[in-house]
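There are 2 protein chains.
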Amino acid sequence: MKRIVGIAILGFGTVGQGVYKIIKEKHDSIMYYTNAEIDIKKILVRNFNKEYKVEIDRNLLTNNFEEILNDDAIDIIVEVTSSIDQAKDMMVMAMNKGKDIVSANKAAISKYFNELNDLARDNNLHFLHEAAVAGGIPVLKPLGDLVMENDITRVRGILNGTCNFILSKMTEEGEDYENVLKKAQELGYAEADPSSDVDGIDTLRKLRILSTMAFRQDVDENDILLEGISNIKACDIKNLAKLNRTIKLIGDAWVEDEKIKAIVQPVAVYSNSYFASVREAYNSVTVYGDMVGELKFYGAGAGMLPTANAVTNDIIDILFDRQSKVRLGEGLNRQITKDEIKGDFYVRYNSEIISLDSFKRKKLTNESYLIKNCQYEKLKRALKKDSNSIIIRLESEDY
Amino acid sequence: MKRIVGIAILGFGTVGQGVYKIIKEKHDSIMYYTNAEIDIKKILVRNFNKEYKVEIDRNLLTNNFEEILNDDAIDIIVEVTSSIDQAKDMMVMAMNKGKDIVSANKAAISKYFNELNDLARDNNLHFLHEAAVAGGIPVLKPLGDLVMENDITRVRGILNGTCNFILSKMTEEGEDYENVLKKAQELGYAEADPSSDVDGIDTLRKLRILSTMAFRQDVDENDILLEGISNIKACDIKNLAKLNRTIKLIGDAWVEDEKIKAIVQPVAVYSNSYFASVREAYNSVTVYGDMVGELKFYGAGAGMLPTANAVTNDIIDILFDRQSKVRLGEGLNRQITKDEIKGDFYVRYNSEIISLDSFKRKKLTNESYLIKNCQYEKLKRALKKDSNSIIIRLESEDY
Chain A
1 MKRIVGIAIL GFGTVGQGVY KIIKEKHDSI MYYTNAEIDI KKILVRNFNK
51 EYKVEIDRNL LTNNFEEILN DDAIDIIVEV TSSIDQAKDM MVMAMNKGKD
101 IVSANKAAIS KYFNELNDLA RDNNLHFLHE AAVAGGIPVL KPLGDLVMEN
151 DITRVRGILN GTCNFILSKM TEEGEDYENV LKKAQELGYA EADPSSDVDG
201 IDTLRKLRIL STMAFRQDVD ENDILLEGIS NIKACDIKNL AKLNRTIKLI
251 GDAWVEDEKI KAIVQPVAVY SNSYFASVRE AYNSVTVYGD MVGELKFYGA
301 GAGMLPTANA VTNDIIDILF DRQSKVRLGE GLNRQITKDE IKGDFYVRYN
351 SEIISLDSFK RKKLTNESYL IKNCQYEKLK RALKKDSNSI IIRLESEDY
Chain B
1001 MKRIVGIAIL GFGTVGQGVY KIIKEKHDSI MYYTNAEIDI KKILVRNFNK
1051 EYKVEIDRNL LTNNFEEILN DDAIDIIVEV TSSIDQAKDM MVMAMNKGKD
1101 IVSANKAAIS KYFNELNDLA RDNNLHFLHE AAVAGGIPVL KPLGDLVMEN
1151 DITRVRGILN GTCNFILSKM TEEGEDYENV LKKAQELGYA EADPSSDVDG
1201 IDTLRKLRIL STMAFRQDVD ENDILLEGIS NIKACDIKNL AKLNRTIKLI
1251 GDAWVEDEKI KAIVQPVAVY SNSYFASVRE AYNSVTVYGD MVGELKFYGA
1301 GAGMLPTANA VTNDIIDILF DRQSKVRLGE GLNRQITKDE IKGDFYVRYN
1351 SEIISLDSFK RKKLTNESYL IKNCQYEKLK RALKKDSNSI IIRLESEDY
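One line per chain: the protein sequences are A and B, in this order. The first sequence runs 1 to 399 under this note's numbering. The second sequence runs 1001 to 1399 under this note's numbering.
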């Protein structure tokens, strides 16, 4: 006897439409493997007159969340809106009505990670969000497995497709940031307001989720140092290429001397390194566990179908109660420190505004320098007056 | 109330000892996340007087499988022996007694894949074997998820740590095959009789498991073309390095024109490609799905703890009934063809024994040639008389 599971999709942008498409197109296969039918009962939208990339039954559209909330035939809420607080309120209300949640909304999940996970666990409901980190790559589910028998000491990744696309194009075509951003916007790889991507905020949110799950201890958005890519110029790419390096925006969180350190920043990796080979809008996550060693996961970090594939998989996992609920460790309260993050850096700044005389540095060009074994925060403060300056970490030999 | 799950370990080599170690060392963490205690009740060995790398309670050792079979407190059998038919018999007997199975035994699983999976499904038991393919890398579990909503069109990987170690050392140190093999044996990376590794048989078994799961149709050992690495010489590495290529042993199965093609062979990949960056005893698997796109998984392909980590995770998944049982597709019977595998190849042979005059070829050195767009089987037959000859596929631009 087949089971029918009712779902509602909140928000019908790219990801929502992708979920609709996969559930329809792969209906027979999903039914064959799960013996269940995923029945899309409602789709919450703001505007009824929009055109969509998939053909849908317009009777499913509603702008009334209450209608979804009060429909007992809706078992699972697929939250793929672009709101933050409103999305969280809807997820909380839905869980209070006994509905399981799948979400791809990294902003809301990052901000309300503990509240949402706690509520799900307390009510014995699922709150799954594989698509929120690294799009189509299955990484949160394996991570949820690994923490049971590994001490994870580091998670690191190229987590934002827009930034990686821009940096790849700047590197390969020698163009300046502004031109590439414009192209990215025309191609739909970057939004009209690209700030949450290019300023590193999106990467930071994903690192917050990844590191909290990996270290089984709350690593908050405020615990993570942040530097974006919008100040990177063609000359920086060129200067670093001469040192055989390629710039990537990397989110990196690790345990060192029993302290947790986390930072999102542009890193000049070796041009023959693994991360340099992650190009275009692709993402990659590496995880280090004391039993399993190093694992790397690679795939599409964004895009309609890869992201929707992750969402659909979460729906199926809920049908079968197949994933662990997120649960932080007991008694883990390692210090989380920003001040102690050190490294070797490439810096470019206007020497008419700024003096770095107190730093031991090596001149590369009139405007750019290499600085060895320096505290990141100190350097950041010294460059504060020059809003066009940039700090890029140099990958060390043992990175 | 905590649950106690009894297990027995069959075989106590590297992997078995690793499982013992993880279950003991990570006892508290596993208990915290699962609320279950994994209780090792028995360990099946041939010889009672062996020294082990882990300290164990010697009372657990037995050489009597019946004792394990008839112990109702043993719920899960962890089969990590090096036998084939005997291992299969034990797994069948255990399933007939209602016990779930975890195995890392790729030889037995490859040979009896359908029989073991069918028996497990018919009896509503688990038969999990993540550790049998690519050691510590979680790949079979994500693959089991992906097939529900993806048509997988290709699986490909560096699947044997011994071969990859040997080829890496030959490439980096310019040494000949025999010297490196000797070193690998001294370091414990290769067995005294290395034939199943270096002849590609181990890779073939893993590809048989991977491709059958990916294509949801039986791809048998006999369906896969096979060429090993034992004929590769330092001169081949050098000749191909001049063409900016690195040799890797790759298992590759794909769907083309609605036909399935599968081959294990040395491939000269571009030296700046992803597969070239997979060095030492590491493994990598790439999977292509029509929804998710390309995914790559990377990690330790062998070793006590990574492999045992995969086994332990399977045990935990059984506790919670968390993985799909393997089930092939319905009505899928695409033709599996060996004859149609074509490509560009590097060949080295003794021209005093062999003539390749009928092949359009380009001379590289006195003994080695490049041949374009040629049928692999035809070339193989032509070289048959020269037992020292080697065929290496040239990765094409769009590989």
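Even glycine gets a Cβ: it sits at the ideal position worked out from N, Cα and C.
Note to self: I'd like to know if A:Tyr33 contacts chain B, where contact means its C-beta is closer than 8 Å to some C-beta of that chain.
What the structure shows: Counting from 1 along the first sequence, the entry for residue 33 of chain A is found at position 33. Taking Cβ atoms only, chain B reaches closer than 8 Å to A:Tyr33, which makes this a yes.
Notebook entry, point to check: Beta-carbon separation of B:Glu1149 and A:Ile4 under 8 Å?
Noted result: Residue 1149 of chain B sits at position 149 when you count from the first residue of the second sequence. Residue 4 of chain A sits at position 4 when you count from the first residue of the first sequence. No.
Notebook entry, point to check: When burial is assigned at 16 or more other CB atoms within 10 Å of the CB, is A:Arg348 buried or exposed?
Noted result: On the first sequence, position 348 is the one that residue 348 of chain A refers to. Answer is buried; the Cβ neighbour count reaches 16.
Item checked: Rounded straight-line distance, which links the Cα of B:Val1019 to that of B:Asn997 -> Residue numbering for chain B in the displayed model covers 1001 to 1399; residue 997 of chain B lies beyond these limits and cannot be assessed.
Margin query: If you reduce the DSSP assignment to three classes, tell me which class A:Tyr349 lands in.
Written below: Taking the first sequence and counting its residues from 1, one reaches residue 349 of chain A at position 349. If DSSP states are grouped into helix, strand and coil, A:Tyr349 belongs with coil.
Note to self: Within 10 Å of its beta-carbon, does A:Arg322 have 16 or more other beta-carbons around it, so buried, or fewer, so exposed?
What the structure shows: Stepping through the first sequence from its first residue, residue 322 of chain A is reached at position 322. By the neighbour-count criterion, in which 16 or more other beta carbons inside 10 Å mark a residue as buried, A:Arg322 falls on the buried side.
Checklist line | N- and C-terminal bounds of the alpha helix (DSSP H) containing A:Asp145 | finding: Position 145 of the first sequence, counting from 1, holds the residue named residue 145 of chain A. A:Asp145 -> alpha helix (DSSP H) spans 140–146.
Margin query: Let me check you understand the geometry: is the CB of A:Pro306 closer than 7 Å to at least one non-hydrogen atom of the ligand FMN?
Written below: The ligand content of the structure shown is nil, which means the ligand FMN is not present either.
Item checked: 3 or more residues per run - each beta strand (DSSP E) lying fully within the segment 1111–1190 of chain B -> Counting only runs of 3 or more, we get 1152–1158.
Next item on the list: Compare the Cα-Cα distances from B:Leu1181 to each of B:His1126, B:Asp1193, B:Ile1007, B:Ile1166 and report the closest residue.
Entry: Position 181 of the second sequence, counted from the start, is the residue given in the question as residue 1181 of chain B. Comparing Cα-Cα distances from B:Leu1181 to each of B:His1126, B:Asp1193, B:Ile1007, B:Ile1166, the minimum goes to B:Ile1166.
Check: Hey, is the segment 1333–1343 of chain B in contact with the segment 1219–1234 of chain B, meaning 3+ C-beta pairs nearer than 8 Å?
Finding: With contact defined as three or more Cβ pairs closer than 8 Å, the segment 1333–1343 of chain B and the segment 1219–1234 of chain B are in contact.
Margin query: Tell me whether the segment 1176–1194 of chain B and the segment 1228–1238 of chain B touch, counting them as touching only if at least three CB pairs, one residue from each stretch, are closer than 8 Å.
Written below: Cβ pair count under 8 Å is three or more, so yes.
Check: Three or more beta-carbon pairs under 8 Å between the segment 383–393 of chain A and the segment 1155–1172 of chain B, yes or no?
Finding: Counting Cβ pairs under 8 Å, fewer than three are found: no touch.
Margin query: Which residues in chain A have a C-beta closer than 8 Å to the C-beta of B:Glu1149? List them in chain order.
Written below: In the second sequence, the residue the question calls residue 1149 of chain B occupies position 149. Within chain A, the C-beta atoms nearer than 8 Å to that of B:Glu1149 come from Ile22, Lys26, Ser29, Ile30, Asn309, Thr312, Asn313, Ile316, in chain order.
Check: I think B:Glu1130 touches B:Ala1310, with their Cβ atoms under 8 Å apart; what is that distance to the nearest whole Å?
Finding: Here residue 1130 of chain B refers to the residue found at position 130 when the second sequence is read from its first residue. Here residue 1310 of chain B refers to the residue found at position 310 when the second sequence is read from its first residue. Contact between B:Glu1130 and B:Ala1310 holds, with the beta-carbon distance rounding to 4 Å and staying under 8 Å.
Margin query: For a minimum of 4 consecutive residues, which ranges assigned as the alpha helix (DSSP H) are wholly contained in the segment 1176–1263 of chain B?
Written below: Runs of the alpha helix (DSSP H) inside the segment 1176–1263 of chain B: 1177–1186, 1195–1198, 1201–1215, 1234–1241.
Item checked: Best match in B:Asn1283, B:Tyr1033, B:Thr1365 for proximity to A:Gly293 [C-alpha to C-alpha] -> Start at 1 with the first residue of the first sequence, and residue 293 of chain A comes out as number 293. Taking only the C-alpha atoms, the option nearest A:Gly293 is B:Asn1283.
Checklist line | Neighbour flag for B:Tyr1189 against chain A, beta carbons, 8 Å | finding: Taking the first residue of the second sequence as position 1, residue 1189 of chain B is located at position 189. Judged by the 8 Å Cβ criterion, B:Tyr1189 is not in contact with chain A.
Checklist line | Three-state secondary structure (DSSP) of A:Arg361 | finding: In the first sequence, the residue the question calls residue 361 of chain A occupies position 361. Note: A:Arg361 maps to strand in three-state DSSP.
Note to self: Any beta carbon of chain B sitting closer than 8 Å to that of A:Ala103?
What the structure shows: Stepping through the first sequence from its first residue, residue 103 of chain A is reached at position 103. According to the sequence displayed, residue 103 of chain A carries Ser and not Ala. It does not: the Cβ of A:Ser103 has no partner Cβ on chain B nearer than 8 Å.
Next item on the list: Can you grab the Cα-Cα spacing for the pair B:Pro1194 / B:Leu1204, in whole Å?
Entry: Looking up residue 1194 of chain B in the second sequence gives position 194. Looking up residue 1204 of chain B in the second sequence gives position 204. Distance between the alpha carbons of B:Pro1194 and B:Leu1204 is about 15 Å.
Item checked: Residue span of the beta strand (DSSP E) that contains A:Ala36, given as start and end -> Here residue 36 of chain A is taken as the residue at index 36 of the first sequence, counted from 1. First-last of the beta strand (DSSP E) with A:Ala36: 36–44.
Checklist line | Interface flag, A:Leu295 vs chain B, CB-CB below 8 Å | finding: Within the first sequence, the letter at position 295 stands for residue 295 of chain A. Judged by the 8 Å Cβ criterion, A:Leu295 is in contact with chain B.
Next item on the list: Per DSSP, which residues does B:Pro1266 bridge with? Please list them.
Entry: Here residue 1266 of chain B is taken as the residue at index 266 of the second sequence, counted from 1. Residue pairing from DSSP places B:Pro1266 in a beta bridge opposite B:Leu1249.
Notebook entry, point to check: According to the Cβ coordinates, are B:Ile1076 and B:Met1091 closer than 8 Å?
Noted result: By 1-based counting over the second sequence, the position of residue 1076 of chain B is 76. By 1-based counting over the second sequence, the position of residue 1091 of chain B is 91. No, the pair does not count as a contact, with Cβ atoms beyond the cut-off.
Next item on the list: Give the straight-line distance between the Cα atoms of B:Lys1097 and B:Ile1209, rounded to the nearest whole angstrom.
Entry: Stepping through the second sequence from its first residue, residue 1097 of chain B is reached at position 97. Stepping through the second sequence from its first residue, residue 1209 of chain B is reached at position 209. C-alpha separation (whole angstroms): 25 Å.
Item checked: Candidates A:Arg154, A:Glu67, A:Ile316, of which the one nearest A:Lys296 by Cα -> One-based indexing of the first sequence puts residue 296 of chain A at position 296. Put simply, of A:Arg154, A:Glu67, A:Ile316 the residue whose alpha carbon is nearest the alpha carbon of A:Lys296 is A:Arg154.
Note to self: For B:Lys1146 and A:Leu60, I'd like the C-alpha separation in whole angstroms.
What the structure shows: Your numbering for residue 1146 of chain B matches position 146 in the second sequence. Your numbering for residue 60 of chain A matches position 60 in the first sequence. Here residue 1146 of chain B turns out to be Leu, not Lys, going by the sequence shown. When rounded, the distance between both Cα atoms is 28 Å.
Next item on the list: Grab me the residues of A:Met93's own chain with a C-beta within less than 7 Å of its C-beta, minus the 5 sequence neighbours each way, in chain order.
Entry: Sequence index remark: in the first sequence, residue 93 of chain A carries index 93 (1-based). For A:Met93, where only same-chain residues beyond five positions count, the Cβ hits under 7 Å are Leu69.
Check: Considering only residues of the segment 20–99 of chain A, which uninterrupted beta strand (DSSP E) runs meet the minimum length of 3 residues and lie entirely inside it, listed in chain order?
Finding: For the segment 20–99 of chain A, whole beta strand (DSSP E) runs of length 3 or above, ordered along the chain, are 36–44, 76–79.
Margin query: So, with DSSP's three-state summary, where would you put B:Ser1277?
Written below: By one-based count along the second sequence, residue 1277 of chain B stands at place 277. It is helical.
Check: Apart from the five residues on each side of it in sequence, which residues of its chain come closer than 6 Å, Cβ to Cβ, to B:Arg1279?
Finding: One-based indexing of the second sequence puts residue 1279 of chain B at position 279. Counting only Cβ-Cβ distances below 6 Å, and skipping sequence neighbours, we find Ser1168.
Margin query: Measuring only the C-alpha atoms, how far is B:Arg1046 from B:Ile1038?
Written below: Taking the first residue of the second sequence as position 1, residue 1046 of chain B is located at position 46. Taking the first residue of the second sequence as position 1, residue 1038 of chain B is located at position 38. If you draw a straight line from the Cα of B:Arg1046 to the Cα of B:Ile1038, it comes to about 24 Å.
Next item on the list: Give the residues of chain B in contact with A:Ala302, contact being defined as C-beta atoms less than 7 Å apart.
Entry: For the purposes of this step, residue 302 of chain A is identified with residue 302 of the first sequence, where counting begins at 1. Under the 7 Å cutoff, chain B gives no residues; its nearest Cβ is about 11 Å from A:Ala302.
Next item on the list: Let me know if B:Phe990 comes out buried or exposed under the rule of 16 or more other beta-carbons within 10 Å of its beta-carbon.
Entry: Because chain B here runs from 1001 to 1399, residue 990 of chain B falls outside it and cannot be looked at.
Check: Does the beta carbon of A:Gly11 come closer than 8 Å to any beta carbon on chain B?
Finding: Along the first sequence, read from residue 1 onward, the residue named residue 11 of chain A stands at position 11. For A:Gly11, the answer is no, since every Cβ of chain B falls outside 8 Å of its Cβ.
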